[in-house]
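Worksheet: one structure, shown below.
Here it is as structure tokens:
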């Protein structure tokens, strides 16, 4: 089986389609609802409810702090953890990669929980 991996969808609207209708079958968007820039992506149940700080706005912490919060959030919610094994071997799509991203947390858990 192929390893679970993280991919960035940025700049791939014409390749994948606004709803990922032309994306590879193993691609799963794991982010928030996104309707800007021509995209029409639904919110995935495993989206990250936390936002990292930017130079202009203080939010939930640094990327590393937000990833720790996200991991704790998942581990406290069995109903969400039950969804993670279905991601094993998939390409988890987000906007952050190659920056630190919640999709990396999901990929790691998909490999270890499955």
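Residue numbers (our numbering): 99 to 212. Glycine residues also receive a C-beta, built at the ideal position from the N, C-alpha and C atoms. All figures in this text were calculated on a predicted structure; none of them were measured in a lab.
Asked, Found
"Span separating the alpha-carbon of residue 121 from that of residue 211", "26 angstroms"
"Alpha-carbon to alpha-carbon, residue 185 and residue 208", "6 angstroms"
"Selected residue, minimal CA-CA separation from residue 146, among 100, 180 and 166", "166"
"Residue 103 - containing beta strand (DSSP E), residue span", "103–106"
"Cα-Cα separation between residue 118 and residue 197, rounded to whole angstroms", "22 angstroms"
"Burial state of residue 142 (16 or more Cβ within 10 Å)", "buried"
"Nonlocal neighbours in the same chain, by C-beta distance under 8 angstroms from residue 126, ignoring five residues either side", "142, 185, 188, 189, 190 and 191"
"Straight-line Cα distance separating residue 103 from residue 205", "6 angstroms"
"Range covered by the beta strand (DSSP E) that runs through residue 126", "125–127"
"Buried versus exposed call for residue 154 [16 or more other C-beta atoms within 10 Å across all chains shown]", "exposed"
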